[in-house]
Each structure stands twice: as C-alpha cells, then as structure tokens.
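Asker:
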Amino acid sequence: MKITVVGAGAVGATVADNIARKELCQELVLVDIKEGIAEGKAMDMMQTATLLGSDTKIIGSTNDYSKTAGSHVAVITSGIPRKPGMTREELIGTNASIVKTVAENLLKHSPDIIIVVISNPMDTMTYLALQATGIPKHRIIGMGGILDSSRFKYYLSQALKCSPLDLHAVVIGGHGDTTMIPLTRLAFLNSHAVSNLLSADELKQIAAHTMVGGATLTKLIGTSAWYAPGAAGAALVESIVRDEKKVFPCCVALDGEYGQKDICLGVPVVIGKNGWEKIVDYHLNAEEQEAFNKSADAVRAMNDVLKTLSI
C-alpha cells in the first residue's frame with residue numbers, strides 16, 4: 004500500500020513520521036513545492052529505520068505527483084501556517100488555490116484515492132476539495148475534530164487529574180476558534196458523566212480553553228502546532244488503512260444530517276477502508292443544535308468567499 008503526504012512542513016512531516024513509525028504502508032511519498040525539502044526530510048526519516056525498527060520506504064518529491072501514483076490515501080497539509088493573531092479564516096485566499104491544485108494533481112495519478120484534509124481553514128478546504136475533484140463524498144475527510152477532541156480531553160484531564168485515555172469527549176462543528184462545539188454534556192470519565200464531576204463554570208472554562216487551543220499554542224510558539232495535528236492525521240489514516248471502524252469527529256459532507264446540507268462540517272463518523280462510512284447521530288439537545296446551526300452559518304459564510312476567488 005502507498006500513502007502520500009502533501010506538504011513537508013512541520014505538520015506534514017509529523018504526519019509522515021507517525022505513519023512510518025506505525026508502519027501503515029509499504030511506501031510513503033512526501034511531496035513539497037520547495038526544492039529539496041521533501042527529499043531531505045524523507046532521507047532523515049529513513050535514517051531512523053534501524054533505530055525504530057521501521058521498514059517503511061519513504062520517498063521525497065519536489066512537486067512531482069507522478070511519484071504518488073497508486074496511492075490509497077493522501078493527506079493534504081499544504082498552505083501557509085497561522086501566525087500569532089491570525090485566524091484560520093484569514094488563510095483562505097492563499098490556501099484555497101493551493102489545496103485545489105494539490106487535490107486535482109492527486110486525483111490525476113490516483114483516481115481511487117481517499118483524501119484527508121488538514122490545511123486551514125479546514126472546513127472550507129474540505130468543501131473545496133470535494134467540489135474541485137467531484138469524487139464520492141465518502142472519500143473526502145477533514146481531520147479537525149479529532150485534533151479538537153484531543154485538546155478537549157487534555158483540558159478535562161488537567162481539571163480532573165486523570166488520564167486522558169480514560170476520557171470520552173467529543174468536539175463537533177467547525178474547526179475554528181468560534182465555531183467548534185465541545186460537547187460537555189456527553190463527556191465521560193469511564194462511565195461517569197463529567198458534568199457530575201465538575202461544576203458548570205469549570206466545564207464552561209474548559210470548553211473556552213478548547214476552542215482557542217490552537218491559538219494558545221500559536222501565541223506560545225509563534226506558528227501553528229504540529230505534534231498533535233500530526234498525530235491526529237496519522238490516527239485517521241490508521242483507521243482507514245486498517246479498516247478499524249473507529250468513530251472519530253471529522254469534517255464530512257452533510258446531506259440533511261444534523262439539519263444541514265451542502266456543507267462540510269464536523270460530526271461523528273465511522274472511519275474504515277472506504278473512507279467515512281456512516282454518520283453517527285448523537286441526538287443533540289436544543290441548545291447544542293442551535294450552536295451547531297450557528298457554526299454551520301459561520302462556515303457557510305467562509306465557503307461563500309470561494310465564489311469571489313479566481314481559482
């Protein structure tokens with residue numbers, strides 16, 4: 004099996020490193036537009052093989068998509084990262100043309116490919132990839148909700164002084180500082196509802212921290228995070244290639260589910276060998292549904308910006 008990662012920056016290289024360590028494929032192709040970057044990082048990772056016990060063959064390519072031919076899955080991380088004070092939405096003008104070109108090039112050489120989108124603004128880039136390629140909707144998946152949920156679990160574990168591995172907690176909606184929805188009502192520590200363990204004010208604060216989790220890291224390190232996004236991307240790829248049927252919150256095309264149509268937005272889905280296979284209905288209450296609708300309105304407004312761009 005072959006997997007491609009497009010974008011050899013911090014996030015892309017971390018996705019690739021995680022995929023190689025997990026040995027999710029026989030051949031991994033890393034593509035970047037900047038001369039030598041993908042080749043150099045591929046060589047660096049290959050030189051860890053005897054130290055990590057990995058037999059994954061990693062190939063670097065400077066914008067040569069012919070090397071990606073026959074890929075089962077591709078992860079798109081291309082685009083400029085966020086800088087301090089920058090919103091994901093401000094990236095749309097630059098990143099839209101990049102993501103569209105990348106998606107078209109991937110499909111040209113791998114017509115049956117499943118595409119995972121990490122590039123920001125992720126919801127709009129996922130929608131763009133779907134529109135640009137015209138491939139079945141189950142083969143286009145935005146990663147954002149997996150990352151947001153891992154941050155949600157981190158903040159919950161800090162407050163509860165517990166292992167995040169014992170937590171079930173999900174973030175749905177848009178992958179944005181004002182559009183994501185941490186479902187505090189449905190968060191559990193093993194079989195205990197977190198709402199019975201923490202006060203309403205504590206949960207509200209945790210949700211607020213989760214929503215600006217990316218911006219918090221951007222402020223601290225001066226650019227977008229990469230370890231958690233890379234691990235989240237690899238976890239999604241793993242569920243695809245190993246047909247694990249895991250339920251992850253992912254950005255997918257909705258056609259009436261959760262009351263929305265003609266939009267890609269984060270909802271719980273079953274992930275297997277064919278991409279996303281089924282949307283899981285969490286039966287939102289009225290307050291949660293209202294928040295989801297507002298999130299959809301905000302993402303749809305971003306999607307409308309695509310109509311004004313010459314791409």
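The numbering of the sequence shown is our numbering, which starts it at 4 and goes up by one.
Quick reminder that beta carbons are idealized off the backbone N, C-alpha and C, glycines included.
#1: Which residue's Cα is closest to the Cα of T213: L239, I282, I175 and S194?
#2: Hey, out of L163, I83, A234 and S227, whose CA is closest to L200's CA?
#3: Excluding the 5 residues preceding and the 5 following R154 in the sequence, name in chain order all residues of the same chain whose CB lies nearer than 6 Å to its CB.
#4: Between which two residues does the beta strand (DSSP E) carrying P252 extend?
#5: Residue ranges of each beta strand (DSSP E) run of no fewer than 3 residues wholly in the segment 194-277, ordered along the chain?
#6: Take every Cβ of the segment 139-155, pair it with every Cβ of the segment 272-285, and state whether three or more of those distances are shorter than 8 Å.
#7: Considering G82, what are the terminal residues of the beta strand (DSSP E) in which it resides?
#8: For W279, which of E107, Q292, I117 and L189 has the nearest alpha-carbon?
#9: Run through the DSSP bridge pairs and tell me what E30 is partnered with.
#10: To which residues does DSSP link V120 through a beta bridge?
#11: Along the chain, where does the beta strand (DSSP E) containing G176 start, and where does it finish?
#12: Grab the span of the alpha helix (DSSP H) containing I22 for me, first residue to last.
#13: Would DSSP call T97 helix, strand or coil?
#14: Identify whether H171 lies in helix, strand or coil by the three-state DSSP scheme.
#15: Tell me M183's beta-bridge partners as DSSP assigns them.
#16: Check whether the Cβ atoms of V32 and V78 lie closer than 7 Å to each other.
#17: Indicate the three-state DSSP secondary structure (helix, strand or coil) for E291 in the structure shown.
#18: Determine contact between the segment 106-114 and the segment 122-140, defined as no fewer than three beta-carbon pairs at a distance below 8 Å.
#19: Can you tell me whether DSSP reads K164 as helix, strand or coil?
#20: Would you give the residue range spanned by the alpha helix (DSSP H) that Y130 belongs to?
#21: Report the three-state DSSP secondary structure of L312 (helix, strand or coil).
#22: Where do the N-terminal and C-terminal ends of the alpha helix (DSSP H) with E316 fall, by residue?
#23: Considering only residues of the same chain and omitting the five flanking positions on each side of A23, which have a CB-CB separation below 7 Å?
#24: At the level of alpha carbons, what is the spacing between K276 and F251?
#25: Is it true that the CB of G82 sits closer than 7 Å to the CB of N98?
#26: In the DSSP assignment, find the alpha helix (DSSP H) that holds A52 and state where it starts and stops.
#27: Identify which residue in Q50, I95 and S69 has its Cα closest to the Cα of D313.
#28: List the DSSP bridge partners of I282.
#29: Per DSSP, what kind of secondary structure is D67 in: helix, strand or coil?
#30: Under 8 Å by Cβ, that's how I've got V34 and V14 pegged, so tell me the actual separation to the nearest angstrom.
#31: Within a Cβ cutoff of 6 Å, which residues of the same chain sit near Q263, ignoring the five residues on either side of it in sequence?
#32: DSSP three-state label for D35, please.
#33: When we look at the beta-carbon of L223 and count the other beta-carbons within 10 Å, is it buried (16 or more) or exposed?
Answerer: In short:
#1: As a position in the sequence shown, residue 213 is number 210, starting the count at 1. The residue from L239, I282, I175 and S194 with its alpha-carbon nearest to that of T213 is I175.
#2: One-based indexing of the sequence shown puts residue 200 at position 197. If you compare the alpha carbons of L163, I83, A234 and S227 with that of L200, the shortest gap goes to L163.
#3: Your numbering for residue 154 matches position 151 in the sequence shown. Cβ within range, chain order: T213 and G216.
#4: Numbered from its first residue, the sequence shown carries residue 252 at position 249. Residue range K249 to D258 is occupied by the beta strand (DSSP E) that includes P252.
#5: When DSSP assignments are scanned along the segment 194-277, the uninterrupted stretches of beta strand (DSSP E) that are 3 or more residues long and fall wholly within it turn out to be 249-258 and 264-275.
#6: Judged by pairs of C-beta atoms under 8 Å, the segment 139-155 touches the segment 272-285, as three or more such pairs exist.
#7: Numbered from its first residue, the sequence shown carries residue 82 at position 79. Taken as a continuous stretch (DSSP letters only), G82 belongs to no beta strand (DSSP E), as it is neither H nor E.
#8: One-based indexing of the sequence shown puts residue 279 at position 276. Of the listed residues, the one whose Cα sits closest to W279 is I117.
#9: Here residue 30 corresponds to residue number 27 of the sequence shown, with the count starting at 1. Paired residue(s): K5 and K60.
#10: In the sequence shown, residue 120 corresponds to position 117, counting from 1. BP columns for V120 point to I79 and G145.
#11: In the sequence shown, the residue the question calls residue 176 occupies position 173. Per DSSP, G176 belongs to the beta strand (DSSP E) from V174 to G176.
#12: The residue given as residue 22 occupies position 19 in the sequence shown. Counting along the chain, the alpha helix (DSSP H) containing I22 begins and ends at A13 to K25.
#13: Counting from 1 along the sequence shown, the entry for residue 97 is found at position 94. It is helical.
#14: Along the sequence shown, read from residue 1 onward, the residue named residue 171 stands at position 168. In the structure shown, H171 sits in a strand (DSSP, three-state: E or B).
#15: By one-based count along the sequence shown, residue 183 stands at place 180. BP columns for M183 point to G176.
#16: Translated into the one-based positions of the sequence shown, residue 32 becomes position 29. Translated into the one-based positions of the sequence shown, residue 78 becomes position 75. Cβ atoms of V32 and V78: not closer than 7 Å.
#17: If you number the sequence shown from 1, residue 291 lands on position 288. The answer is helix: DSSP assigns E291 an H, G or I state.
#18: Contact holds: three or more Cβ-Cβ distances are below 8 Å.
#19: By 1-based counting over the sequence shown, the position of residue 164 is 161. Three-state DSSP puts K164 in coil, outside helix and strand.
#20: In the sequence shown, counting from the first residue as 1, residue 130 sits at position 127. Boundaries of the alpha helix (DSSP H) around Y130: M125 to T136.
#21: Taking the sequence shown and counting its residues from 1, one reaches residue 312 at position 309. Coil.
#22: Since the displayed the chain opens at 4 and closes at 314, residue 316 lies outside it and no answer follows.
#23: Residue mapping note: residue 23 aligns to position 20 of the sequence shown, counting from 1. Correct list, in chain order: L31, M48, S57, T59 and I61.
#24: Working through the sequence shown from its first residue, we reach residue 276 at position 273. Working through the sequence shown from its first residue, we reach residue 251 at position 248. Between K276 and F251, the C-alpha separation is close to 14 Å.
#25: Here residue 98 corresponds to residue number 95 of the sequence shown, with the count starting at 1. Here residue 82 corresponds to residue number 79 of the sequence shown, with the count starting at 1. Cβ atoms of N98 and G82: closer than 7 Å.
#26: Within the sequence shown, residue 52 is the residue found at index 49, counting from 1. Start and end: A52 to L55.
#27: For the purposes of this step, residue 313 is identified with residue 310 of the sequence shown, where counting begins at 1. A small fix is needed here, since residue 313 is Ser in this sequence, not Asp. The option with the nearest alpha carbon to S313 is I95.
#28: As a position in the sequence shown, residue 282 is number 279, starting the count at 1. DSSP lists V272 as partners of I282.
#29: In the sequence shown, residue 67 corresponds to position 64, counting from 1. Looking at D67 - three-state DSSP - the assignment turns out to be coil, as it is neither helix nor strand.
#30: Taking the sequence shown and counting its residues from 1, one reaches residue 34 at position 31. Taking the sequence shown and counting its residues from 1, one reaches residue 14 at position 11. Contact between V34 and V14 fails: their C-beta atoms lie close to 14 Å from each other, not under 8 Å.
#31: Position 260 of the sequence shown holds residue 263. Only L257 and A299 meet the Cβ criterion.
#32: Stepping through the sequence shown from its first residue, residue 35 is reached at position 32. If DSSP states are grouped into helix, strand and coil, D35 belongs with the strands.
#33: Mapped onto the sequence shown, residue 223 falls at position 220. Burial call: exposed.
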